[in-house]
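Taking it in order: structure first as structure tokens, then the write-up.
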Amino acid sequence: MFADLSDAPLDPILGMAQVFAGDPSPQKIDLGIGVYKDENGNVIVLDTVKQAEEYLRNTQTTKSYLSSAGNPQYNDAVRGLIFAPGSDAHGRARTIQTPGGTGALRVGADFIAKLRPGARVFMPDPTWPNHPALFRAAGVETVVYPYYDVAAGRIRFDAMMDALGEQLTANDVLLLHGCCHNPSGADPDQAQWAAIAELLERTGAMPFVDLAYLGFGHGLEPDRAGINILAARVPEMIVASSCSKNFALYRERTGALTLVAGGERQVEAAKGHLLPVVRANYSMPPDHGAAVVAHILGTPALRAEWEVELNGMRERIRRVRLELVNQLAGKGGRDFSYLADQTGMFALLGISPAQVQSLRSDWHIYATDSGRANLAGLTMANVAHAAEAFASVTR
Ligand code: PMP
């Protein structure tokens with residue numbers, strides 16, 4: 001089976017990480033892999049996570065199996081984060097714990113393939129490259145819709161609505177990024193979310209929202225506004241959420257899949273059909289990250305501390321975005337002012353592969369081949385160098 005295989009292509013982001021590690025320049029900046037870094041460039045463990053781990057170490061009495069749905073306290077707490085207080089979605093939603101946001105997306109994709117063979121999933125152009133890969137791996141057809149104008153640095157909302165209005169049917173699924181769109185950092189505003197909800201009502205298509213960056217955009221409440229606008233209007237929805245970024249739990253694989261249905265009976269039935277999909281895949285999710293999150297969100301003082309830590313991460317990203325745009329002013333080259341209005345870690349620099357290469361070889365700055373930059377790799381100490389480089393390669 002393996003004898004005649006040729007070498008598999010190297011993952012481009014991981015390949016770049018190796019080149020970065022070997023670059024001896026003291027000025028080098030890693031804007032590649034999607035992790036939040038602090039002002040010292042470190043991917044830290046949150047203090048609230050350390051406290052919850054200490055609590056678990058002292059109180060956990062067993063490592064026995066849970067169930068395919070994972071930790072029930074975690075599931076309730078995550079549902080509480082996604083839907084606004086008082087939303088009727090709480091009663092007609094059920095959440096299961098999954099191995100990361102990726103696990104949630106894949107279980108959701110398998111579930112769509114099981115319940116609706118022939119459904120198409122419409123995804124934005126551009127999107128996170130793993131989206132098409134994992135839906136296709138689940139045997140679900142993918143269709144691309146226009147989303148972002150790289151040259152103009154803004155959403156192509158009219159083109160998106162026209163394309164979706166013409167093509168979406170009641171058998172289809174519309175994949176949306178809940179906030180902090182990866183890779184563009186550009187999200188619909190509230191009026192645009194309302195127009196998307198209206199389109200979904202009209203076509204009968206179901207939204208599948210990927211919420212990987214809750215709290216990284218404008219805050220917990222504004223970042224869930226889009227999902228809540230949809231939930232108030234459409235009968236059914238799937239949400240894949242992740243605690244990888246907002247709890248910095250990346251390797252602990254802490255995510256959740258939430259189903260919303262027309263009522264409590266329907267959602268219980270849907271959950272009943274979802275669990276065998278999990279059972280036949282990984283059986284049940286890993287416990288540790290979810291136990292940590294359940295303890296933090298279930299302990300009012302810790303939850304308040306976590307919100308301070310989350311706000312700190314978000315505000316640092318905001319500060320470096322603004323500082324980058326400030327430093328670029330008057331330098332010539334591409335107009336990067338759109339970076340100040342966008343949110344989350346990622347931005348498309350709108351530069352050619354040759355310019356990406358020049359950033360690496362002449363300036364020791366590593367963005368992905370597509371020109372996506374993880375702006376959380378910037379600090380007050382290195383942002384001036386980045387501004388010099390971005391202006392220089394685009395002049
Ligand atoms: N969706 C998007 C858009 C992402 O960027 C990511 C992380 N890179 C994920 C989902 C999945 O995150 P994880 O599986 O690490 O929780």
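For the sequence shown, the UniProt record's numbering assigns the number 395 to the last residue and increments by one with no breaks.
All C-beta atoms, glycine included, are put in the ideal place defined by N, C-alpha and C.
- Going by DSSP, Val292 is part of the alpha helix (DSSP H) stretching over His288 to Gly298.
- Secondary structure of Asp149 (DSSP, three-state): strand.
- If you check the C-beta of His385 against the ligand PMP, you find no heavy atom less than 7 Å away.
- Within the segment 144-229, the beta strand (DSSP E) runs of at least 3 residues that lie entirely inside it are, in chain order, 173-177 and 206-211.
- If you draw a straight line from the Cα of Leu134 to the Cα of Gly330, it comes to about 43 Å.
- Separation of Ser242 and Ala256 (C-alpha to C-alpha, rounded to the nearest whole angstrom) is 6 Å.
- For Ile112, the closest C-alpha among the options Ser68, Val144 and Ala270 is that of Ala270.
- If you draw a straight line from the Cα of His218 to the Cα of Pro26, it is about 33 Å long.
- Secondary structure note for Phe111: its alpha helix (DSSP H) is the uninterrupted segment Gly100 to Leu115.
- In this structure, Gln190 sits away from Ala231, with a CB-CB distance that is not shorter than 8 Å.
- In the DSSP assignment, Leu348 is bridged to Arg372.
- Cβ atoms of Arg372 and Phe346 come within 8 Å of each other, at about 6 Å.
- Linking Asn228 to Gly377 through their CA atoms gives a straight-line distance of about 31 Å.
- With contacts defined by Cβ atoms closer than 8 Å, Ile29 and His385 form a contacting pair.
- Sixteen is the threshold: when 16 or more other Cβ atoms of the shown chains lie within 10 Å of the Cβ of Tyr147, as they do, the residue is buried.
- Boundaries cannot be given for Thr61, as no alpha helix (DSSP H) includes it and DSSP labels it neither H nor E.
- At a threshold of 7 Å, Gly255 counts as near the ligand PMP, since its beta carbon sits closer than that to one of the ligand's heavy atoms.
- With respect to the 8 Å criterion, Gly289 and Arg253 are classified as neighbours on the basis of their beta carbons.
- Taken atom to atom, the span from the alpha-carbon of Ala381 to that of Pro72 is near 43 Å.
- Between Asp210 and Leu175 a beta carbon distance of about 7 Å is seen, short of the 8 Å cut, so the two are scored as contacting.
- Here DSSP, grouped into helix, strand and coil, assigns Gln266 to helix.
- Taking a cut-off of 8 Å for Cβ pairs, the segment 308-326 and the segment 100-119 do not touch, as fewer than three such pairs fall below it.
- Approximately 18 Å separates the beta-carbon atoms of Tyr250 and Met16; this is outside 8 Å, ruling out the contact.
- Around Glu264, the same chain offers Gly91 and Arg92 as residues with beta carbons nearer than 8 Å, after the five sequence neighbours per side are excluded.
- In the pairwise beta carbon analysis, the segment 276-286 is classified as touching the segment 50-68: at least three pairs are separated by under 8 Å.
- In chain order, Phe247, Ala248, Leu249, Val292 and Ile296 place their CB closer than 8 Å to the CB of Val49, counting only its own chain and leaving out the 5 sequence neighbours on each side.
- From the listed residues Val140, Phe122, Leu14 and Ala151, the smallest Cα separation to Glu166 is found for Phe122.
- Judged by their CB atoms, Val140 and Ala170 are not nearer to each other than the 8 Å cut-off.
- Taking 8 Å as the cut-off, the Cβ atoms of Arg57 and Thr258 do not count as close.
- By DSSP's assignment, Pro285 forms no beta bridge with any residue.
- A residue is called buried once 16 or more other Cβ atoms fall within 10 Å of its Cβ, and Pro207 is buried on that count.
- Taken atom to atom, the span from the alpha-carbon of Ala109 to that of Asn130 is near 12 Å.
- Distances from the CA of Gly312 to each of Leu10, Val19, Leu5 and Ile44 were compared; the closest alpha carbon is that of Ile44.
- Pairing Tyr74 with Ala294 gives a Cβ-Cβ distance under 8 Å.
- Assignment of Asp7 by DSSP, reduced to helix, strand and coil, places it in the coil class.
- For Ser184 and Tyr55, the gap between their C-alpha atoms comes out near 38 Å.
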